[in-house]
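Peer 1: Input: one structure, supplied below.
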Amino acid sequence: MLKVGVIGVGTVGTSVVKILVDNKEMITARAGREVIVTSGVVKNLNKDRGLDIKLSDDPYDIVNDPEIDVVVELMGGVEEPFKVVKAALQNGKAVVTANKALLAYHRYELQDIAKDLPFEYEASVAGGIPIINALRDGLSANHIESIVGIMNGTCNYMMTKMTDEGVAYDAILKESQELGYAEADPSFDVGGFDAAHKLLILASIAYGIDAKPEDILIEGIDKVTQDDIAFAKEFGYAIKLLAIAKRDGDEVELRVHAALISKDEMIAKIDGVMNGVSVIGDKVGETLYYGPGAGGDATASAVVANIIDIARAGKSSPMLGFDKPLENGLTLKDKDTIHSKYYLRFSVQDKPGVLAEITKLFGEHNISIETILQRPSATDNVNLLLSTHTAVEGDIQNVITISEQLDFVVEKPVLIRIV
């Protein structure tokens, strides 16, 4: 028998307990032994969760319980869960977590502490999609050339509605909050930080990169308007919040941002709250993983799968995919040296000479313009919409900084990268 304690019996934690009860016979057959949740930790002991397990409000009741074999951490947050998980590992317990923020900041420390103890985290990235095991095990014979993912269902739902129904950003954000897709403070999702945490986890498995969120380029979807969507449609693009990891020689670029991507790409067809991750390996080529990226049952499904793995083997494969570091390790590419094509929207005064000044500025920074359109705006100003050939991120940022100082530019220019 494998005894499990769940720290954080909320939506996902409750689903974990119920799956283990509802599918008990099948899980026992697959795991080779019975798996039961004996206890859980909650914030509010007065709330009835309809579960037949012992409940406590102290995580260390589970961490220090000698009967518990596996600790499932579903607390959320970073530093307090780190202390709890660290203590569980030091007490010789296997750990399963769905906590992407914890892993974004402490994954390598936890790997060092865990050593040979099982530490699983499939549910931390893309909910019910088994992308962790696909990268760590199924594609382990490959050098990973790139990972491109839609890893935040809230943003994908919002962009789908904005594109298909012409809904304004503020209106669809309010609707997403009412539906429970977005939090009261939505910045973690719409600002790209949630997707960035997930990308960092995948990048560690694929490339052995130890980076923190502060080290990489992170932008959200909060500046996207119907003007941008109209441009995208006219030129055969969809706009998605993408998390991108790409190997370039001995460097790896990591970035999260809204992107224009060809409508013909498979990942551009992933709509609504669904997630999708494209992985290109040097031997296998492209593989695509699609499914629900959040929700109680979908996330709990991944958690329970990890528990079954532990019940079967006792020891999982290396936590971050490498038993030892690569001899010639890869390094993180400076975000200012990333190369991309770009789309920019300038809101400018409608007067002679403006277009010439803008194009001159791009020329002075060695940026070649591919397409330029002028569109009316809701005010007396006009919108200049343009796309570039491949340019350097630092040069584009310099153009934006300088253009903000020009007297005919009335708003901060909006930038969306073209993938």
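Residue numbering for the sequence shown follows this note's numbering, starting at 1372 and increasing by one per position. All residues carry an ideal CB built from backbone N, CA and C; glycine is no exception.
1. Taking all protein chains shown into account, do 16 or more other C-beta atoms lie within 10 angstroms of the C-beta of V1814, making it buried, or fewer, making it exposed?
2. Who are the Cβ neighbours of Y1661 in its own chain at under 6 Å, not counting the five residues just before and after it?
3. Let me make sure I understand the geometry here. Which of E1546, G1520 and K1594 has the alpha-carbon closest to that of D1565?
4. Going by beta-carbon coordinates alone, are K1374 and D1440 separated by less than 7 Å?
5. Please report the straight-line C-alpha distance between I1641 and R1401, rounded to a whole angstrom.
6. Classify T1759 as buried or exposed, calling it buried when 16 or more other Cβ atoms lie within 10 Å of its own Cβ.
7. For P1557, which of helix, strand or coil comes out of DSSP?
8. Look up I1518 in the DSSP assignment and give the residues it is bridged to.
9. Does the Cβ of S1464 have 16 or more other Cβ atoms within 10 Å, making it buried, or fewer, making it exposed?
10. So does K1374 have its beta carbon nearer than 6 Å to some heavy atom of the ligand MG?
11. Could you spell out where the alpha helix (DSSP H) holding R1401 opens and where it closes?
12. Could you tell me how far apart the beta carbons of H1628 and L1588 are, in whole angstroms, since I believe they sit closer than 8 Å?
13. Which residue marks the beginning of the alpha helix (DSSP H) containing Q1548, and which one marks its end?
14. Comparing alpha-carbon positions, which option in Y1479, G1379, S1575 and L1422 lies nearest K1414?
15. Using 8 Å for Cβ pairs, my map puts G1765 next to T1708. What's the rounded Cβ distance?
16. Please give the ranges of any alpha helix (DSSP H) in the segment 1672 to 1739, keeping only runs that are unbroken, at least 4 residues long and fully inside the region.
17. Examine the Cβ distances between the segment 1491 to 1498 and the segment 1666 to 1683 and report whether three or more of them are shorter than 8 Å.
18. Exposed or buried, P1557, counting other C-beta atoms within 10 Å across all chains shown (16 or more means buried)?
19. In the DSSP output, which residue or residues are listed as bridge partners for V1780?
20. Compute the Euclidean distance between the alpha carbons of E1605 and G1537, then round it to the nearest angstrom.
21. Taking V1595 and Y1540 to be in contact with their CB atoms under 8 Å, please state how far apart those CB atoms are, rounded to whole angstroms.
22. Are the Cβ atoms of L1777 and R1716 separated by less than 7 Å?
23. T1525 to G1448, Cα distance in whole Å?
24. Considering only DSSP beta bridges, list what Y1608 is partnered with.
25. Would you tell me roughly how many angstroms separate the C-alpha atoms of E1491 and S1511, rounded to the nearest one?
26. Within this structure, are the beta carbons of V1650 and I1518 separated by less than 7 Å?
27. Decide if the segment 1738 to 1754 is in contact with the segment 1711 to 1730; the criterion is three or more beta carbon pairs, one per stretch, under 8 Å apart.
28. Decide if the segment 1480 to 1488 is in contact with the segment 1613 to 1627; the criterion is three or more beta carbon pairs, one per stretch, under 8 Å apart.
29. Can you find the residues in the same chain that come closer than 6 Å, C-beta to C-beta, to E1450, ignoring five residues on each side of it along the sequence?
30. Could you give the distance in angstroms between the alpha-carbon of H1477 and the alpha-carbon of D1436?
31. Looking at V1442: is its Cβ nearer than 7 Å to the Cβ of G1376?
32. Assuming R1788 contacts S1711 (C-beta within less than 8 Å), just tell me the rounded distance between them.
33. Work out the CA separation of I1503 and I1821 for me, nearest whole Å.
34. Which stretch, first to last residue, makes up the beta strand (DSSP E) that contains K1425?
35. Determine the direct distance from the alpha carbon of L1506 to that of V1644, and round the result to whole angstroms.
36. How many Å lie between T1761 and L1460 at the Cα?
Peer 2: The short version:
1. The question about residue 1814 has no answer, for the chain in this structure spans 1372 to 1790.
2. The residue labelled residue 1661 in the question sits at position 290 within the sequence shown. Correct list, in chain order: G1647.
3. The residue you call residue 1565 lines up with position 194 of the sequence shown. The candidate whose alpha carbon is nearest that of D1565 is G1520.
4. Looking up residue 1374 in the sequence shown gives position 3. Looking up residue 1440 in the sequence shown gives position 69. Contact check for K1374 against D1440 passes: the beta carbons are separated by less than 7 Å.
5. Here residue 1641 refers to the residue found at position 270 of the sequence shown. Here residue 1401 refers to the residue found at position 30 of the sequence shown. Each residue's Cα considered, the two are about 32 Å apart.
6. Within the sequence shown, numbered from 1, the residue matching residue 1759 stands at position 388. It counts as buried.
7. On the sequence shown, position 186 is the one that residue 1557 refers to. Residue state for P1557 is assigned as coil, using DSSP reduced to three classes.
8. Sequence index remark: in the sequence shown, residue 1518 carries index 147 (1-based). Its beta-bridge partners are A1616 and V1650.
9. Taking the sequence shown and counting its residues from 1, one reaches residue 1464 at position 93. Here the sequence assigns Lys to residue 1464, which means Ser is not the residue at that position. In the assembly as shown, K1464 is a buried residue. Its beta-carbon has 16 or more other beta-carbons within 10 Å.
10. Only the bare structure without any ligand can be found here, which leaves the ligand MG out of the picture.
11. Indexing the sequence shown from 1 puts residue 1401 at position 30. That run of the alpha helix (DSSP H) goes K1395 to A1402.
12. What you label residue 1628 is simply residue 257 of the sequence shown in a count that begins at 1. What you label residue 1588 is simply residue 217 of the sequence shown in a count that begins at 1. About 7 Å; that satisfies the 8 Å criterion.
13. Sequence index remark: in the sequence shown, residue 1548 carries index 177 (1-based). Q1548 -> alpha helix (DSSP H) spans Y1540 to L1550.
14. As a working mapping, residue 1414 is identified with position 43 in the sequence shown. When only C-alpha atoms are compared, the closest one is G1379.
15. If you number the sequence shown from 1, residue 1765 lands on position 394. If you number the sequence shown from 1, residue 1708 lands on position 337. Right, the Cβ-Cβ distance comes to about 7 Å (below 8 Å), so this counts as a contact.
16. Every unbroken stretch of the alpha helix (DSSP H) spanning 4 or more residues and falling wholly within the segment 1672 to 1739 is given here in chain order: 1725 to 1735.
17. The segment 1491 to 1498 is in contact with the segment 1666 to 1683.
18. Working through the sequence shown from its first residue, we reach residue 1557 at position 186. Burial of P1557 is indicated by the presence of at least 16 other C-beta atoms within 10 angstroms of its C-beta.
19. Looking up residue 1780 in the sequence shown gives position 409. V1780 is bridged to V1719.
20. One-based indexing of the sequence shown puts residue 1605 at position 234. One-based indexing of the sequence shown puts residue 1537 at position 166. Roughly 14 Å between the two C-alpha positions.
21. Position 224 of the sequence shown, counted from the first residue, corresponds to residue 1595. Position 169 of the sequence shown, counted from the first residue, corresponds to residue 1540. With a Cβ gap of about 6 Å, V1595 and Y1540 count as contacting.
22. In the sequence shown, counting from the first residue as 1, residue 1777 sits at position 406. In the sequence shown, counting from the first residue as 1, residue 1716 sits at position 345. A distance of 7 Å or more separates the beta carbons of L1777 and R1716.
23. Taking the first residue of the sequence shown as position 1, residue 1525 is located at position 154. Taking the first residue of the sequence shown as position 1, residue 1448 is located at position 77. In a straight line, the C-alpha of T1525 is about 19 Å away from that of G1448.
24. Within the sequence shown, residue 1608 is the residue found at index 237, counting from 1. Answer is S1633.
25. Within the sequence shown, the letter at position 120 stands for residue 1491. Within the sequence shown, the letter at position 140 stands for residue 1511. Near 17 Å, if we compare the C-alpha coordinates of S1511 and E1491.
26. Mapped onto the sequence shown, residue 1650 falls at position 279. Mapped onto the sequence shown, residue 1518 falls at position 147. With a cutoff of 7 Å on beta-carbon distance, V1650 and I1518 are scored as near each other.
27. Note that the segment 1738 to 1754 touches the segment 1711 to 1730; at least 3 beta-carbon pairs, one per stretch, sit closer than 8 Å.
28. Contact annotation: the segment 1480 to 1488 does not touch the segment 1613 to 1627, with fewer than three C-beta pairs closer than 8 Å.
29. Here residue 1450 corresponds to residue number 79 of the sequence shown, with the count starting at 1. Nothing meets the Cβ criterion.
30. Position 106 of the sequence shown, counted from the start, is the residue given in the question as residue 1477. Position 65 of the sequence shown, counted from the start, is the residue given in the question as residue 1436. Distance between the alpha carbons of H1477 and D1436 is about 24 Å.
31. Along the sequence shown, read from residue 1 onward, the residue named residue 1442 stands at position 71. Along the sequence shown, read from residue 1 onward, the residue named residue 1376 stands at position 5. Yes, these two residues count as a Cβ contact at 7 Å.
32. As a first step, residue 1788 must be located in the sequence shown, where it is residue number 417. As a first step, residue 1711 must be located in the sequence shown, where it is residue number 340. R1788 to S1711, Cβ: 5 Å. Contact.
33. Given that the chain is displayed from residue 1372 to residue 1790, the structure contains no residue 1821 and the question cannot be resolved.
34. Start at 1 with the first residue of the sequence shown, and residue 1425 comes out as number 54. In the DSSP assignment, K1425 falls within the unbroken beta strand (DSSP E) covering K1425 to S1427.
35. Taking the sequence shown and counting its residues from 1, the one referred to as residue 1644 is at position 273. Taking the sequence shown and counting its residues from 1, the one referred to as residue 1506 is at position 135. Counting only the Cα atoms, L1506 lies some 23 Å from V1644.
36. What you label residue 1761 is simply residue 390 of the sequence shown in a count that begins at 1. What you label residue 1460 is simply residue 89 of the sequence shown in a count that begins at 1. Computed Cα separation, rounded: 47 Å.
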